[in-house]
Each structure stands twice: as C-alpha cells, then as structure tokens.
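Peer 1: The numbering used here puts the first residue of the sequence shown at 264, with every later residue one more than the last.
Quick reminder that beta carbons are idealized off the backbone N, C-alpha and C, glycines included.
Here it is, the structure, as structure tokens.
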Amino acid sequence: MARHGAELLPELPQSLARAIETYLNSLRFERGLSRNSIDAYARDLARYGTWLSAEGIGHLGEVERSHVEAFALHLLDEDLAPRTRARALVALRRFHSFALGEGLSGSDPASEVSPPQEGLRLPKALSLADIESMLATTAGEEPTQIRAAALLELLYASGARISEAVGVDLDDVDLDTGLVRLYGKGGKERIVPFGSHASAALGAWVSRVRPAMAAKARSSSPAGALFLNARGTRLSRQTAWQIVKDAGELAGLEAEVSPHTFRHSFATHLLEGGADIRVVQELLGHASVTTTQIYTKVSEETLREVYATSHPRAR
C-alpha cells in the first residue's frame with residue numbers, strides 16, 4: 264500500500280523524492296496530520312520538486328534563496344488563487360526547515376522568503392536601460408554571443424516563458440512577418456509578434472550559427488529546435504536560464520535576473536506604453552485577466568514613484 268501522499272509525487276530525482284517522502288512520513292507519524300492534509304502538502308511539494316528538477320536541481324543542497332524566490336514568481340504564472348500560492352510557499356518553507364533540522368540539507372534557503380499576504384505579489388520589472396545593458400553584453404561574433412542575443416531578444420520581444428522559448432521549433436518562427444508560435448500550458452497555442460531588433464538577432468542566429476550547431480547532431484536529421492546547444496540538440500531550460508543570469512551579472516545589475524524578469528518587464532512596459540490589458544493577457548497566454556492585472560499594479564507603483572520624485576509638492 265502506498266504511503267500517504269507518496270503516490271501523488273511525480274518522477275523526481277531520487278534525492279529530492281527521498282527528502283520529500285521523509286517529510287511526508289514525519290507529517291503522518293510524528294505530527295499525526297490527516298490524509299487530506301498530507302496529500303495537500305504532497306501536491307504542493309510535487310509542484311516545487313518538478314520545478315526544481317526542470318531547472319536542473321537534483322539535491323536540496325543546490326537550492327538557493329534565489330531559486331525559492333524564482334519559484335514564487337513562477338507560481339504567479341500558474342493562474343492559481345492567491346491562497347493556493349500562499350499555501351504552496353508555506354509548505355516549501357516548512358519542508359526546507361525540516362530538511363535543515365534533520366540534516367538533509369546544510370541550509371534553509373526559504374527562511375527569509377515570506378508568503379504573499381493579501382492580493383498578488385508585485386513582480387520586479389527591469390527598466391529599459393537595464394534590458395539594453397543586458398543585450399549589450401551579447402554584442403560580438405562568438406556563436407554563444409549570437410545565440411544569447413537571439414534568446415534575450417525573443418524573451419523580451421514576446422514575453423515567452425523560458426519553457427516556451429526553448430520549445431520553439433524553427434518552423435514556428437516567421438522572420439518575414441515577425442511572428443512566433445508559442446505553446447503554453449496544456450499545449451495551448453498562441454501567435455505572438457516580435458519587432459525588428461528580435462528579427463535581426465534571430466536572423467543572425469538562424470543563418471550564421473545554427474546550421475553549424477545542427478550539423479553536430481548525431482542523428483541523420485538535425486533537431487528542429489530553434490535554439491540548439493553545442494551538441495546540436497535542443498537547448499535546455501537550465502542552460503537558457505544560465506544565459507539570462509550571466510547577462511545580468513555581466514551587465515552589473517544588482518538584482519538577480521531570471522527569464523521571468525524578462526516576461527514581467529515585457530508586460531509592464533507594454534502597459535506603461537498604453538497597451539490594453541486584454542491584449543497583454545492574450546500575448547502572455549494567461550487564462551484569466553486576473554493574473555494579468557498584477558502588471559497594472561506595477562504600473563501604478565511606477566506612476567507613484569515618478570510623481571513622488573517629480574512633483575514639487577509631492578514631498
């Protein structure tokens with residue numbers, strides 16, 4: 264008979280799965296929680312473990328505070344109720360605290376990450392100057408620089424999730440019309456436009472670098488993926504994440520930058536430029552406009568900051 268909650272766990276790296284099962288067993292035998300409560304913890308931690316695994320993390324010791332914060336931002340894109348997001352963060356905080364106490368991990372990266380209170384947590388958006396500073400780090404003729412430029416330009420131009428960006432196939436991109444086909448959650452398809460800067464960067468990657476990388480694929484027919492690694496196979500989410508992170512560090516940005524930062528910046532800048540929220544909802548692939556409304560709050564915060572620093576009687 265399956266242990267409480269364990270049957271709800273997906274296929275995870277062995278170390279992660281073992282740690283989660285140990286925690287679920289402690290909830291059952293030491294704290295005496297009900298089956299429903301344990302199953303709720305299992306679902307929340309399964310979501311967390313799946314996300315960590317997708318980011319290339321297989322051991323709790325590899326998790327840093329930045330990962331926990333990035334997961335909190337990831338939950339915003341899941342169209343979950345605020346209470347559900349808060350519960351998931353409480354679950355992972357308690358899990359990491361338990362892991363530290365039991366010697367399963369040497370630190371607690373979630374100890375200072377608070378669950379959202381009322382309403383939605385405001386995402387952090389980069390300024391246009393910060394975006395341009397990151398893009399400037401990719402200037403050069405090295406294949407990896409050309410690939411990085413294409414990836415960053417596409418992320419900022421389309422607002423794509425990182426999983427959507429690395430999932431794009433060559434046939435999904437039309438450089439002539441400036442359109443890209445993205446596949447979101449549940450395989451839901453949407454068409455998103457991109458501008459001339461992204462078109463130029465993608466064109467350079469597709470014509471000058473990608474063919475040589477595709478030729479390195481071991482199979483007789485090269486991968487159809489838009490973004491490839493040095494072996495000619497599809498670029499992984501982990502590597503794409505690292506490309507974004509490296510660009511932020513090279514640009515000297517104080518805050519750690521993630522692919523989600525580009526997505527938040529895309530939406531925030533569109534709304535600040537006067538775009539209709541329903542259009543932004545469609546571009547982001549949100550099922551509900553409620554999720555998109557977090558960006559209107561970001562814009563309100565920007566307006567307040569501009570007012571406070573610019574109006575002579577604001578202070």
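1) CA-CA distance, V455 and E274?
2) Distance check for A423 and R526, CA to CA, integer angstroms please.
3) Based on the DSSP output, what are the partners of P456 in its beta bridges?
4) Which of helix, strand or coil does DSSP assign to R424?
5) Just the C-alpha distance for A351 and Y311, rounded to the nearest angstrom, thanks.
6) Can you name the start and end residues of the alpha helix (DSSP H) that G511 belongs to?
7) Between D307 and L339, is the Cβ-Cβ spacing less than 9 Å?
8) Mapping DSSP to helix, strand and coil, what is E381?
9) Touching or not, the region 500-514 and the region 436-449, by the rule of three or more beta carbon pairs under 8 Å?
10) Sort A514, L287 and S459 by Cα distance to D439 and report the nearest one.
11) If we ignore side chains and look at the alpha-carbon of each, how far apart do R607 and M476 end up?
12) To test your reading of the DSSP string, which unbroken alpha helix (DSSP H) runs of 4 or more residues are found completely within the region 340-367?
13) Does the Cβ of G430 lie closer than 8 Å to at least one heavy atom of the ligand GDP?
14) Give a yes or no on whether the C-beta atoms belonging to I425 and V543 are separated by under 9 Å.
15) Taking just the CA atoms, how far does L367 sit from F292?
16) When the Cα atoms are used, what is the spatial distance from Q469 to A303?
17) Exposed or buried, what is E381 when buried is set at 16 or more other beta-carbons lying within 10 Å of its beta-carbon?
18) Beta-carbon within less than 6 Å of Y286's beta-carbon, same chain only, minus the 5 sequence neighbours each way: which residues are those?
19) Between which two residues does the alpha helix (DSSP H) containing T400 stretch?
20) Where does the unbroken alpha helix (DSSP H) through V376 begin, and where does it stop?
21) For V436, which of helix, strand or coil comes out of DSSP?
22) Looking only at its chain, what residues have a beta carbon closer than 8 Å to the beta carbon of K591, apart from the 5 residues adjacent to it on each side?
23) Rounding to the nearest angstrom, what Cα-Cα distance links A265 and G324 in this structure?
24) Within 10 Å of its beta-carbon, does R481 have 16 or more other beta-carbons around it, so buried, or fewer, so exposed?
25) Around the C-beta of P474, are 16 or more other C-beta atoms found within 10 angstroms, so that it is buried, or is it exposed?
26) Would you mind giving the Cβ-Cβ distance between P372 and R328, rounded to the nearest angstrom? I have them listed as a contact below 8 Å.
27) Buried or exposed for L391, going by 16 or more other Cβ atoms inside 10 Å?
28) The alpha helix (DSSP H) with A309 in it runs from where to where?
29) In the DSSP output, what is A478 paired with across the bridge?
Peer 2: Once the coordinates are examined:
1) In the sequence shown, counting from the first residue as 1, residue 455 sits at position 192. In the sequence shown, counting from the first residue as 1, residue 274 sits at position 11. Spanning the two alpha carbons is a distance of roughly 33 Å.
2) The residue you call residue 526 lines up with position 263 of the sequence shown. The residue you call residue 423 lines up with position 160 of the sequence shown. Cα to Cα, the separation comes out at about 6 Å.
3) For the purposes of this step, residue 456 is identified with residue 193 of the sequence shown, where counting begins at 1. According to DSSP, P456 shares a beta bridge with L442.
4) Mapped onto the sequence shown, residue 424 falls at position 161. Coil.
5) Indexing the sequence shown from 1 puts residue 351 at position 88. Indexing the sequence shown from 1 puts residue 311 at position 48. Straight-line spacing of the CA atoms in A351 and Y311 works out to 8 Å.
6) Residue mapping note: residue 511 aligns to position 248 of the sequence shown, counting from 1. Counted as a single uninterrupted DSSP element, the alpha helix (DSSP H) harbouring G511 occupies residues R500 to L513.
7) Position 44 of the sequence shown, counting from 1, holds the residue named residue 307. Position 76 of the sequence shown, counting from 1, holds the residue named residue 339. Their beta carbons are not under 9 Å apart, which means D307 does not touch L339 by this criterion.
8) In the sequence shown, counting from the first residue as 1, residue 381 sits at position 118. Its pLDDT being 45, under 50, E381 is placed unreliably in this model, and the value from its coordinates should be taken loosely. Coil.
9) Segments in contact, no.
10) What you label residue 439 is simply residue 176 of the sequence shown in a count that begins at 1. Comparing Cα positions, the closest option is S459.
11) Residue 607 lies beyond the stretch modelled for the chain, which goes from 264 to 578, so this question has no answer here.
12) Listed in chain order, the complete alpha helix (DSSP H) runs (minimum 4 residues) inside the region 340-367 are 345-364.
13) With respect to small molecules bound, the structure shown includes none, and the ligand GDP cannot be examined in it.
14) Locating residue 425 in the sequence shown gives position 162, where the first residue counts as 1. Locating residue 543 in the sequence shown gives position 280, where the first residue counts as 1. With a cutoff of 9 Å on beta-carbon distance, I425 and V543 are scored as not near each other.
15) By one-based count along the sequence shown, residue 292 stands at place 29. By one-based count along the sequence shown, residue 367 stands at place 104. So the two alpha carbons sit approximately 18 Å from each other.
16) For this step, residue 469 is matched to residue 206 along the sequence shown. For this step, residue 303 is matched to residue 40 along the sequence shown. For the record, residue 469 in the displayed sequence is Val; it is not Gln. Approximately 45 Å, taken between the alpha carbons.
17) Within the sequence shown, the letter at position 118 stands for residue 381. No answer about E381 holds up, because its pLDDT of 45 lies below 50 and its placement is not dependable.
18) Within the sequence shown, the letter at position 23 stands for residue 286. Correct list, in chain order: F358 and F361.
19) Numbered from its first residue, the sequence shown carries residue 400 at position 137. Neither: T400 is in no alpha helix (DSSP H) and is coded neither H nor E.
20) Counting from 1 along the sequence shown, the entry for residue 376 is found at position 113. It is not in any alpha helix (DSSP H) - V376 carries neither H nor E in the DSSP assignment.
21) Translated into positions along the sequence shown, residue 436 becomes position 173. Strand, per DSSP.
22) As shown, the chain starts at 264 and ends at 578. That puts residue 591 outside it, with no answer to give.
23) Along the sequence shown, one-based indexing puts residue 265 at 2. Along the sequence shown, one-based indexing puts residue 324 at 61. Model confidence at A265 stands at a pLDDT of 40, short of 50, so the residue's coordinates are unreliable; what they give is reported in the following sentence. G324 has its alpha-carbon roughly 27 Å from the corresponding atom of A265.
24) Here the question's residue 481 lines up with position 218 in the sequence shown. Classification for R481: exposed.
25) As a working note, residue 474 is residue 211 in the sequence shown. Flag for P474 reads exposed.
26) Residue numbering aside, residue 372 sits at position 109 when the sequence shown is read from its first letter. Residue numbering aside, residue 328 sits at position 65 when the sequence shown is read from its first letter. Beta-carbon to beta-carbon, P372 and R328 are separated by about 5 Å, close enough to satisfy the 8 Å threshold.
27) The count along the sequence shown starts at 1 and reaches residue 391 at position 128. It is exposed - the Cβ of L391 has fewer than 16 other Cβ atoms within 10 Å.
28) Looking up residue 309 in the sequence shown gives position 46. Here the alpha helix (DSSP H) through A309 covers R298 to A317.
29) By 1-based counting over the sequence shown, the position of residue 478 is 215. For A478, which the question treats as bridged, DSSP gives no partner whatsoever.
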